[in-house]
Structure formats: structure tokens, C-alpha cells
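Undergrad: To convert, note that position 61 of the sequence shown is 79 in my numbering; the numbers rise steadily by one, no gaps.
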Amino acid sequence: MSNEIILVTGATGKQGGATARRLLAAGRPVRALVRDPEAPAALELAAAGAELVVGDFDDRDSVAAAVAGVRSVFAVPPATYNPGGWDVEREAERGEGLVAAASAAGVDHFVFTSIASFKVEGSWGTGGKRRIEAAAMASGMRWTILRPVRFMENYLLRESVVDGIANGVHRHLFPGDRPVQVIAVDDVAEIAALALLDPARFHGRTLELAGDSILFSEAAETITRATGIELRYQEADESDAAALGPEIANVWRLSRSGIGWHADIDAIREIHPGLRTFDAWLAETGAARIKALLTAEQ
């Protein structure tokens with residue numbers, strides 16, 4: 019196709035921003051869908067060469083304008099979570115609307131970043147995303163589905179009920195003595211860029227994405243050594259998980275029954291040889307960023 023513009027949604031977020039920057043570095047024209055063109059992350063993308071378009075998934079006209087004339091779409095539809103659980107209908111409608119608009123506009127390739135599956139699927143936040151996946155597969159466009167596991171960057175979260183670090187404690191749903199798969203956001207972006215730049219190779223593929231498998235208890239010790247700041251891991255109990263909603267409680271139970279993420283890390287490394295281990299991520303940027311945050315707390 020003569021037109022090579024790639025639309026990136028969620029462009030001011032983790033995955034969208036990293037993917038947009040990777041594509042721009044490769045010399046590809048990027049159109050970034052943003053809600054606030056004056057936001058610092060949007061201005062940074064514009065300075066790097068991205069074309070900004072203002073829009074919102076709930077505004078179908080703005081979505082139609084955003085997909086007009088583009089070759090590919092990298093989709094990160096926003097999800098909605100509240101104490102009652104995931105707003106599956108709203109999430110699915112937003113994503114399905116984007117798929118429909120892209121198909122109607124003649125987009126060639128639709129890459130959707132979804133969420134990793136457990137060995138046994140259940141009610142834990144996948145419903146809306148699976149509907150978006152199904153819409154992409156049935157759209158007539160070439161499609162690729164990416165399903166990343168937990169991000170290594172989640173250690174940088176602030177004021178999170180579970181995950182992130184607060185007062186020397188990393189708290190999460192998962193048992194400390196069972197491995198949990200993780201991936202660096204930049205690796206998701208690298209794989210997304212590979213797919214977007216080679217649709218023929220990646221069409222029809224659903225990729226579970228992980229870069230490493232870690233014990234959270236040992237990861238806390240590793241971060242302590244890398245930063246020089248004491249950190250310990252704390253498991254949330256079942257009542258804490260239940261207070262966050264039925265899907266969160268289900269994750270807590272599934273993770274203790276031996277059911278978890280199951281990405282083939284060796285296969286993903288064949289696709290992306292530079293895939294980061296947790297230690298590599300810490301050495302590259304993670305430890306310094308964690309230390310800066312923890313030092314600011316002291």
C-alpha cells in the first residue's frame with residue numbers, strides 16, 4: 019500500500035507511547051490518538067514527529083476521523099474498572115467500535131494489545147478484551163493479537179492497592195513462592211512494531227507475551243540488592259482481594275491453584291532476541307527508576 023501511516027491509540031500511555039516511539043525511531047509515520055494534545059506525553063510525541071489527532075473512543079466521529087487514510091492500527095482501548103468489577107460492555111463497545119471504523123476505512127492490519135490468558139480462562143477482566151479480539155478476527159482486516167502478562171514497570175506504580183511499592187513493601191495478589199510471568203513494556207512495543215512492520219508474517223497470530231518468570235519474594239530481594247533500599251514482599255489475603263471485586267478475588271484463587279499465565283518465553287525470544295529478563299530490565303533502567311521513587315519517599 020502507498021500509505022504507510024500507523025495509528026496508535028492510547029499513545030500517551032505505557033504501551034501506546036512506547037510503540038509510537040519505536041515506530042518513529044524506525045522512520046514510520048505515526049498518527050497518535052490523544053484526548054489532550056497539550057498533555058506532556060502528547061507534546062513529546064509531537065516533538066518526535068507524530069501527527070496528533072484529538073479523539074475519544076466514546077466519540078465515534080472522532081474515531082472515524084482518526085482511522086481515515088491509515089494503513090495499520092495499534093489498538094489499546096481504555097478499560098474501565100470500578101469496585102463492582104470490569105465494565106465489560108463499555109470496554110467491548112469501545113474496542114468493537116474502533117474495529118468497525120478501521121474496517122470501514124479500509125485499514126489493512128489491526129494489532130490489538132489485549133491481556134494474557136490463564137491456562138483456564140475465568141472471570142477476571144478478560145471478557146471485554148476477548149470480544150474485541152473476536153471482532154478483529156471477524157473484521158476482514160489482517161489482524162494480530164498480543165497478550166502481555168504483568169509489566170515489570172508495575173513496580174513503579176504509586177498509590178496502588180496491590181502492586182507497586184509503598185513504605186518498603188511490594189504487595190500483590192500472587193503467592194510469593196510460585197513463579198509469575200512478567201514482561202517489560204518496551205518489549206511489548208518491540209514486538210508490536212515487528213508485527214506492524216511485517217503484517218504478512220504476523221497476520222492471524224495470537225501471541226502470549228512474557229520475558230521472564232519470577233518469584234515475587236525473590237524479586238523483592240533482587241530489588242533490595244540493586245537499589246540498596248530494603249524491600250519485602252507481602253501477599254494480599256483473600257479478604258483483601260475480595261474487597262477489590264469478584265474478578266480480583268478470582269485471580270487470587272486461581273493463582274493458588276496452580277493456574278497462571280503460560281507464555282512460551284523461548285518462542286517469544288525467537289521472535290524478539292532482545293527480550294529482557296527481569297535482571298536485565300533492572301540493570302538497564304528499572305533499578306534506577308525504582309530507587310529514585312523510593313528515595314523520594316524517604
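Where a beta carbon is used, it is the ideal one built from N, C-alpha and C, also for glycine.
Keep in mind it's a predicted model, so treat the numbers as computed, not measured.
Check the DSSP bridge columns for glutamate 226 and list the partner residues they point to.
TA: Position 208 of the sequence shown, counted from the first residue, corresponds to residue 226. In the DSSP output, where bridge partners are listed per residue, glutamate 226 has Arg165.
Undergrad: Candidates Glu56, Arg53, Arg39 and Glu177: which alpha carbon is nearest glycine 67's?
TA: Residue numbering aside, residue 67 sits at position 49 when the sequence shown is read from its first letter. Of the listed residues, the one whose Cα sits closest to glycine 67 is Arg39.
Undergrad: Does arginine 168 pass the burial test, meaning 16 or more other C-beta atoms within 10 Å, or should it be called exposed?
TA: Reading the sequence shown from its first residue, position 150 is the one you call residue 168. It counts as buried.
Undergrad: Could you give the first and the last residue of the continuous alpha helix (DSSP H) run that contains valine 180?
TA: Walking along the sequence shown from the start, residue 180 turns up at place 162. Looking at the DSSP string, valine 180 is not in any alpha helix (DSSP H), and its letter there is neither H nor E.
Undergrad: Look up serine 90 in the DSSP assignment and give the residues it is bridged to.
TA: Within the sequence shown, numbered from 1, the residue matching residue 90 stands at position 72. Serine 90 is bridged to Ile24 and His127.
Undergrad: May I ask which residues mark the beginning and end of the beta strand (DSSP E) holding glutamate 253?
TA: Reading the sequence shown from its first residue, position 235 is the one you call residue 253. From DSSP, the beta strand (DSSP E) with glutamate 253 extends over 250-253.
Undergrad: Taking the Cβ atom as the reference point for each residue, do arginine 89 and asparagine 21 lie within a distance shorter than 8 Å?
TA: The residue labelled residue 89 in the question sits at position 71 within the sequence shown. The residue labelled residue 21 in the question sits at position 3 within the sequence shown. The answer is yes: Cβ separation under 8 Å.
Undergrad: Taking buried to mean at least 16 other C-beta atoms within 10 Å of its own C-beta, is glycine 73 buried or exposed?
TA: Taking the sequence shown and counting its residues from 1, the one referred to as residue 73 is at position 55. Under this definition glycine 73 is a buried residue.
Undergrad: Can you give me the Cβ contacts of threonine 242 inside the same chain, cut-off strictly under 6 Å, excluding the 5 residues immediately before and after it?
TA: Residue 242 sits at position 224 when you count from the first residue of the sequence shown. Excluding positions up to five away in sequence, the list reads Glu248 and Leu249.
Undergrad: At which residues does the beta strand (DSSP E) containing alanine 50 begin and terminate?
TA: Stepping through the sequence shown from its first residue, residue 50 is reached at position 32. Where alanine 50 is concerned, the enclosing beta strand (DSSP E) stretches over 48-52.
Undergrad: Would you please state the rounded distance, in angstroms, between the beta carbons of leucine 227 and leucine 164? I believe it to be under 8 Å.
TA: In the sequence shown, counting from the first residue as 1, residue 227 sits at position 209. In the sequence shown, counting from the first residue as 1, residue 164 sits at position 146. So it is a contact: roughly 6 Å between Cβ atoms.
Undergrad: Measuring CB atoms only, is the region 181-194 touching the region 252-264, in the sense that at least three cross pairs come out at less than 8 Å?
TA: Yes, since at least three Cβ pairs between the region 181-194 and the region 252-264 fall closer than 8 Å, the two stretches touch.
Undergrad: Measuring only the C-alpha atoms, how far is leucine 233 from threonine 313?
TA: Reading the sequence shown from its first residue, position 215 is the one you call residue 233. Reading the sequence shown from its first residue, position 295 is the one you call residue 313. Each residue's Cα considered, the two are about 24 Å apart.
Undergrad: Can you tell me whether DSSP reads phenylalanine 75 as helix, strand or coil?
TA: Taking the first residue of the sequence shown as position 1, residue 75 is located at position 57. Coil.
Undergrad: List the whole-angstrom C-beta distance separating glycine 158 from serine 132, where the pair is believed to meet the contact cut-off of C-beta under 8 Å.
TA: Locating residue 158 in the sequence shown gives position 140, where the first residue counts as 1. Locating residue 132 in the sequence shown gives position 114, where the first residue counts as 1. Glycine 158 to serine 132, Cβ: 19 Å. No contact.
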